[in-house]
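**Q** Numbering (my numbering), first residue to last: -9 to 107.
Just so you know, even glycine gets a beta-carbon here, dropped at the ideal spot from N, CA and C.
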């Protein structure tokens, strides 16, 4: 019988157009947030913008909000240009809790990367 993997968070990271792109897909919850944090925390200062693409995230709550706020704080401390790709449902959650304005938000990865050019 196949294993049900719906909701499992996968995180990919690569370099593109002078930026580090981290793309997450699945559910960002207490059990998976460490995977995302490891990927974004290992971005070195001076390595260009960090584009975090959450367009593939289906489930996003308080754990995700806390992780994003910590990532933004760390990026500011290390002078990393942090760009967040977050259509709904992520954008709605961030807006509802009043922190959407804490981020430089883009509707698509292409738009976030175009900012670099």
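1) Report the CB separation of residue 17 from residue -3 in whole angstroms; it is logged as a contact under 8 Å.
2) Beta carbon of residue 44, beta carbon of residue 89: below 8 Å?
3) Have a look at the DSSP bridge pairing and note the partners of residue 99.
4) Among 92, 68, 46, which has the Cα closest to the Cα of residue 108?
5) Under the three-state reduction of DSSP, which class applies to residue 37: helix, strand or coil?
6) What would DSSP say about residue 54, mapped onto helix, strand or coil?
7) Could you give the C-beta distance for residue 75 and residue 41, rounded to a whole number, given that I count them as a contact under 8 Å?
**A** Straight from the coordinates:
1) 4 Å
2) no
3) According to DSSP, which records beta bridges pairwise, residue 99 is partnered with nothing at all.
4) The structure shown does not extend to residue 108, since the chain is modelled only from -9 to 107, so the question has no answer here.
5) coil
6) helix
7) 7 Å
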